[in-house]
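Quick notes on the structure that follows.
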Amino acid sequence: MAQTSKYIQGLNPAQRDAVLQTGGPVLVLAGAGSGKTRVVTQRIAHIVSKKLAEPSEILAVTFTNKAAGEMRERVSKLIGKKLGSEVVLSTFHSFCLQVLRQHIEHLGFRKNFTIAGEGDAHTIIRRVLDDLDGVRESFSPGAFRAQISLAKGANGPADIARDVTDAEADPDGVALQDKYLVWLPEISERYQSALRAANALDFDDLLSYVLKLWDEHPRILARYQKRFKYVMVDEYQDTNPVQYALVRRLVAKHENLCVVGDDDQSVYGWRGADVRNILDFEKDFSGAKIITLGQNYRSTKTILAAANAVIAHNKERRIKKTFTQLKEGRAIDWMVVGDDEHEAKLAAAWLKNVREKATARYSDFAVLYRSNNQSRAFEIAFRNAQIPYVVIGGQEFFERAEVRDIIAYLKVLANPRDEPSFLRVVNMPRRGIGDKTLHAVHDLCREQGLPFAKGLALALKEGRVSGPAEHGVGEFLALLTEFRPRLRDGREGLADLVGELVQRIAYKAELERTSKSLEHAGLRWENVEAVIQAVEAYEQSAANPTLHGFLDESSLNSDADRSSKDERRKTGVTLMTMHSAKGLEFPFVFIAGCEEGLVPHERSVRDGAIEEERRLFYVALTRAKRHITLFEALSRNRHGREKMCETSRFLSEIPENLINKRIHAAKDMVEARVQPNKGQPRPRKTSRRAAKAQGKLGA
DNA sequence: AGACCCAGGTTTTTT
DNA sequence: ACCTGGGTCT
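Residues in the first sequence are numbered from 2 upward in steps of one, following my numbering.
Right under this line is the structure:
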């Protein structure tokens with residue numbers, strides 16, 4: 002140990018290599034459960050302790066705030082709180098936001114720009130489509146939004162242009178659903194200029210504008226290159242082309258780049274992640290060292306063998322051997338059930354059974370499914386069986402209408418040009434300001450390049466606002482003029498001010514007026530109170546709290562709910578999608594809906610994305626430490642129709658000796674299965690009832 | 001402005 | 001089945 006760092010103790014040889022290999026580009030291929038986070042954190046500690054760099058000269062990038070938080074905690078445990086806090090450890094987006102808060106004026110934005118969330122982006126696109134004849138009727142805003150985001154993450158507008166030229170060159174070759182590509186450049190351009198006019202950036206802009214900044218201002222880039230002697234990227238298989246380009250620029254000087262990831266766990270291709278980044282690493286960074294962390298510390302031999310066998314069917318991958326020294330464990334159980342209801346009921350009974358036999362806690366179990374709507378049956382069954390549970394996913398806190406209302410007020414106060422936010426609050430609560438007034442003001446602003454609030458004031462002064470709107474406009478302007486300086490000068494508490502603002506607009510009364518029931522209004526009011534609490538929490542934690550600081554944090558932290566969910570996860574069964582399960586582990590994992598159409602999903606089959614679906618199934622399997630139960634339904638309620646299902650192809654890829662198949666469904670249904678589509682027509686109810694009756698025998 | 005009705009769509013999610 | 005969004009009527 003004489004000359005090695007104390008931070009390599011207790012590591013296996015591969016992990017040690019990864020920690021010690023600090024110079025030059027390194028790819029750490031970290032199989033599931035191979036102690037990846039441990040390697041990254043110890044590597045940072047090693048660099049600091051060997052004085053290879055100051056903590057502030059190390060940049061570690063993750064994808065989620067949660068991952069960043071956990072990593073910071075673990076680094077702090079190793080090198081102390083003070084040094085730990087100096088390491089630049091953040092998500093791609095928050096790192097880029099910091100860069101832009103300093104330099105955005107080079108790109109023609111004002112320093113007080115706001116971030117347009119998904120809701121804002123949607124609103125802008127809707128308005129863009131309204132201005133274009135005939136587009137709104139044929140296409141939904143969502144399709145454009147998704148496509149624009151993809152293009153911006155891919156390589157900027159150039160990619161859109163190329164797609165469209167292809168489409169125009171061969172109009173007949175374009176599938177009907179791709180016809181909207183023709184509209185894309187126009188809409189994309191209008192969307193971008195609307196954002197620019199609003200002095201706002203969407204999430205993709207945060208990244209691509211940093212790239213632009215660095216490319217147009219090499220001296221700014223040089224400062225960052227010089228500062229960050231060591232750069233690490235977690236979950237590298239999830240990076241998109243823009244993120245790849247950012248990393249590439251940043252490390253061009255020192256070339257001390259360490260990326261960590263697992264190509265077999267790349268499940269975000271549909272949102273722009275490019276597996277080639279990890280597959281081609283040594284081509285992109287010459288002289289790269291590749292270190293494989295193959296030892297799995299999580300799962301039994303059975304589970305790992307099953308997962309390995311499944312993933313071996315993929316062609317596009319780096320072959321890596323993963324192994325475990327843990328014991329054999331119990332065979333995987335494969336439950337064949339009648340339908341989705343039966344699936345959930347059997348799962349509940351089976352769960353209780355396993356919990357008792359293994360003296361496990363509810364929190365040791367997770368139910369994983371492909372799509373969120375599958376949670377419903379489990380929620381009902383678990384409630385009936387008195388099994389505590391938490392559903393992860395669904396609507397995010399900051400996307401709820403009442404929360405967005407309050408945030409929109411704050412955004413307008415922070416950035417008077419923020420048009421989507423402005424339009425959201427100008428007549429909320431009702432002030433008699435309708436379309437007529439807004440159109441007039443909008444034109445005025447466009448003519449003179451004024452922020453909305455200024456335009457509103459001018460319109461009022463010039464008598465362009467008439468009738469009931471006049472009073473309302475005056476009231477609204479008074480609100481802005483009063484609160485803007487008070488929020489800006491920082492003499493009063495932020496949370497207090499927000500509370501006062503909410504009072505002033507009589508928001509509680511507004512909720513009571515617009516809600517279906519008083520109870521519903523109460524729930525929504527709780528969310529408003531939660532916003533104020535979030536402001537308070539931010540004020541406590543930030544060194545120098547500002548309104549912008551809070552808005553930035555809440556934009557980039559849409560999962561403010563997360564901590565409360567994490568708390569509840571400690572007491573109950575976790576219900577979530579396979580995607581959200583990535584990075585987590587549970588002693589007992591139930592995988593629901595192992596059928597063609599769900600895993601792999603029918604749309605992925607159509608798009609030819611089978612390998613990604615297989616990786617998703619692999620992720621699901623490798624979440625389990627002790628035991629997996631697979632559920633397969635013979636028929637399933639899809640969009641209100643009962644449909645016969647076929648077994649997921651992935652189940653046949655698991656060696657038979659690792660599986661214990663049990664048929665719980667009614668015999669006649671199993672027989673009907675032999676010829677799935679030609680089976681004699683049978684009233685749906687009958688088979689359902691049969692399945693239910695049989696369900697009681699389960700477990 | 002708000003209630004009501006019909007049509008369409010429906011994977012995965014973070015920032 | 002269920003939710004959203006848009007259009008229409010009061």
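Note that beta-carbon positions come from the ideal geometry of N, C-alpha and C, so glycine has one too.
Keep in mind the model is a prediction, meaning the values are calculated, not measured.
**Prompt:** In chain order, what residues of the same chain have a beta carbon less than 6 Å from the beta carbon of A386, not counting five sequence neighbours either side?
**Reply:** To locate residue 386, count along the first sequence from 1; it is residue 385. Contacts found: A349.
**Message:** DSSP three-state label for T630, please.
**Reply:** Sequence index remark: in the first sequence, residue 630 carries index 629 (1-based). Looking at T630 - three-state DSSP - the assignment turns out to be strand.
**Simplified DSSP state of D281, which is helix, strand or coil** = As a first step, residue 281 is located in the first sequence; it is residue number 280 there, counting from the start. Coil, per DSSP.
**Asked** A253 to Q193, Cα distance in whole Å?
**Response** As a working mapping, residue 253 is identified with position 252 in the first sequence. As a working mapping, residue 193 is identified with position 192 in the first sequence. Using only the alpha carbons, I get a separation of about 30 Å.
**Prompt:** Over what stretch of residues does the alpha helix (DSSP H) that includes D216 continue unbroken?
**Reply:** Taking the first residue of the first sequence as position 1, residue 216 is located at position 215. Element bounds for D216: 204-217.
**Request:** May I ask you to check if the CB of G85 is nearer than 7 Å to at least one heavy atom of the ligand PLP?
**Result:** This structure simply doesn't include the ligand PLP, nor any ligand for that matter.
**Item:** N428 (DSSP reduced to helix, strand or coil)
**Value:** To locate residue 428, count along the first sequence from 1; it is residue 427. The answer is coil: DSSP assigns N428 none of H, G, I, E or B.
**Message:** For S467, count the other beta carbons within 10 Å of its own beta carbon; 16 or more makes it buried, fewer makes it exposed. Which is it?
**Reply:** Working through the first sequence from its first residue, we reach residue 467 at position 466. S467 comes out exposed.
**Request:** With a 10 Å radius around its C-beta and 16 neighbouring C-beta atoms as the bar for buried, classify I408 as buried or exposed.
**Result:** In the first sequence, the residue the question calls residue 408 occupies position 407. Classification for I408: buried.
**Asked** Which whole-angstrom value describes the C-beta separation of L481 and L414, a residue pair presumed to lie in contact below a C-beta threshold of 8 Å?
**Response** Within the first sequence, numbered from 1, the residue matching residue 481 stands at position 480. Within the first sequence, numbered from 1, the residue matching residue 414 stands at position 413. Contact flag correct, Cβ pair sits at about 7 Å.
**Request:** Output the residue ranges of the alpha helix (DSSP H) runs that lie fully inside the segment 310-396 and measure 4 residues or longer, sorted by chain position.
**Result:** 341-358, 376-385
**Prompt:** Between the beta-carbon of V499 and the beta-carbon of V536, is there less than 8 Å?
**Reply:** If you number the first sequence from 1, residue 499 lands on position 498. If you number the first sequence from 1, residue 536 lands on position 535. Yes, the pair counts as a contact, with Cβ atoms nearer than the cut-off.
**Top-ranked residue by Cα proximity to R401, from Y363, D121, E380** = The count along the first sequence starts at 1 and reaches residue 401 at position 400. When only C-alpha atoms are compared, the closest one is D121.
**Request:** Go to L488, then tell me how far its alpha helix (DSSP H) extends in each direction, as first and last residue.
**Result:** Start at 1 with the first residue of the first sequence, and residue 488 comes out as number 487. Unbroken alpha helix (DSSP H) run through L488: 469-490.
**Prompt:** Helix, strand or coil: how does DSSP classify I664 here?
**Reply:** Mapped onto the first sequence, residue 664 falls at position 663. Three-state DSSP puts I664 in a strand.
**Prompt:** Measuring CA to CA, which of R465, I279, E119 is closest to L30?
**Reply:** Your numbering for residue 30 matches position 29 in the first sequence. The shortest C-alpha separation from L30 is found at I279.
**Prompt:** Cβ of L195 within 8 Å of Cβ of F114?
**Reply:** Residue numbering aside, residue 195 sits at position 194 when the first sequence is read from its first letter. Residue numbering aside, residue 114 sits at position 113 when the first sequence is read from its first letter. In the sequence as displayed, the identity of residue 195 is Ala instead of Leu. Not in contact: A195 and F114 (Cβ atoms no closer than 8 Å).
**Request:** Taking G120 as part of the alpha helix (DSSP H), name the residues at either end of that continuous run.
**Result:** Taking the first residue of the first sequence as 1, we reach residue 120 at position 119. Segment 119-132, the alpha helix (DSSP H) holding G120.
**Message:** Quick check on the burial criterion: 16 or more other C-beta atoms within 10 angstroms. Buried or exposed for D131?
**Reply:** Here the question's residue 131 lines up with position 130 in the first sequence. Exposed.
**8 Å Cβ shell around E71 - same chain, five flanking residues per side excluded** = In the first sequence, residue 71 corresponds to position 70, counting from 1. Cβ within range, chain order: T38.
**Request:** Rounded to whole angstroms, what's the CA-CA distance from L90 to K51? Just pull it up for me.
**Result:** Indexing the first sequence from 1 puts residue 90 at position 89. Indexing the first sequence from 1 puts residue 51 at position 50. Looking at the two C-alpha atoms, the distance is approximately 19 Å.
**Message:** Suppose you measure from the CA of A308 to the CA of H47; what does that come to, to the nearest Å?
**Reply:** Residue numbering aside, residue 308 sits at position 307 when the first sequence is read from its first letter. Residue numbering aside, residue 47 sits at position 46 when the first sequence is read from its first letter. The straight-line gap from Cα to Cα measures roughly 33 Å.
**Message:** Taking the beta carbon of L519 as the centre, do at least 16 other beta carbons fall within 10 Å, making it buried, or is it exposed?
**Reply:** Here residue 519 corresponds to residue number 518 of the first sequence, with the count starting at 1. Under this definition L519 is an exposed residue.
**Request:** Since I believe E586 is in contact with H602 (beta carbons under 8 Å), could you give me their beta-carbon distance rounded to a whole number of angstroms?
**Result:** What you label residue 602 is simply residue 601 of the first sequence in a count that begins at 1. What you label residue 586 is simply residue 585 of the first sequence in a count that begins at 1. H602 to E586, Cβ: 24 Å. No contact.
**Message:** Pull the bridge partners of Q296 from the DSSP assignment, please.
**Reply:** Against the first sequence, residue 296 aligns to sequence position 295. Answer is F324.
**Item:** Closest Cα partner of I116 within the set I126, R102, A223, V590
**Value:** Stepping through the first sequence from its first residue, residue 116 is reached at position 115. Among I126, R102, A223, V590, the Cα nearest to that of I116 belongs to R102.
**Item:** Stretch-stretch touch, CB-based, cutoff 8 Å, three pairs: the segment 314-327 with the segment 347-362
**Value:** no
**Start-to-end residues for the alpha helix (DSSP H) that takes in E74** = Within the first sequence, the letter at position 73 stands for residue 74. 66-80 is the span of the alpha helix (DSSP H), which, as asked, contains E74.
**Message:** Rounded to the nearest angstrom, what separates K83 and E74 at their Cα positions?
**Reply:** For this step, residue 83 is matched to residue 82 along the first sequence. For this step, residue 74 is matched to residue 73 along the first sequence. Near 11 Å, if we compare the C-alpha coordinates of E74 and K83.
**Message:** Closest to A382 by C-alpha separation, out of V427, E344, A223, would be which residue?
**Reply:** Here residue 382 is taken as the residue at index 381 of the first sequence, counted from 1. Residue E344 is the option with its Cα nearest to A382.
**Asked** What does Y231 pair with, by DSSP beta-bridge criteria?
**Response** Within the first sequence, numbered from 1, the residue matching residue 231 stands at position 230. Answer is I59, bridged to Y231.
**Prompt:** How big is the Cα-Cα spacing for D285 and I105?
**Reply:** On the first sequence, position 284 is the one that residue 285 refers to. On the first sequence, position 104 is the one that residue 105 refers to. The straight-line gap from Cα to Cα measures roughly 29 Å.
**Asked** Terminal residues of the continuous alpha helix (DSSP H) containing G456?
**Response** If you number the first sequence from 1, residue 456 lands on position 455. 453-462 is the span of the alpha helix (DSSP H), which, as asked, contains G456.
**Message:** Quick check on the DSSP output: the alpha helix (DSSP H) that includes R637 runs from which residue to which?
**Reply:** Within the first sequence, residue 637 is the residue found at index 636, counting from 1. Segment 636-639 is the beta strand (DSSP E) holding R637; no alpha helix (DSSP H) there.
**Asked** Grouping DSSP H, G and I as helix and E and B as strand, with all else coil, what is E586?
**Response** Mapped onto the first sequence, residue 586 falls at position 585. Three-state DSSP puts E586 in coil, outside helix and strand.
**Message:** Using 8 Å for Cβ pairs, my map puts I337 next to L652. What's the rounded Cβ distance?
**Reply:** Within the first sequence, the letter at position 336 stands for residue 337. Within the first sequence, the letter at position 651 stands for residue 652. Correcting the residue identity first, residue 337 is Val in this sequence and not Ile. Not quite, the Cβ-Cβ distance comes to about 10 Å (not below 8 Å), so this is no contact.
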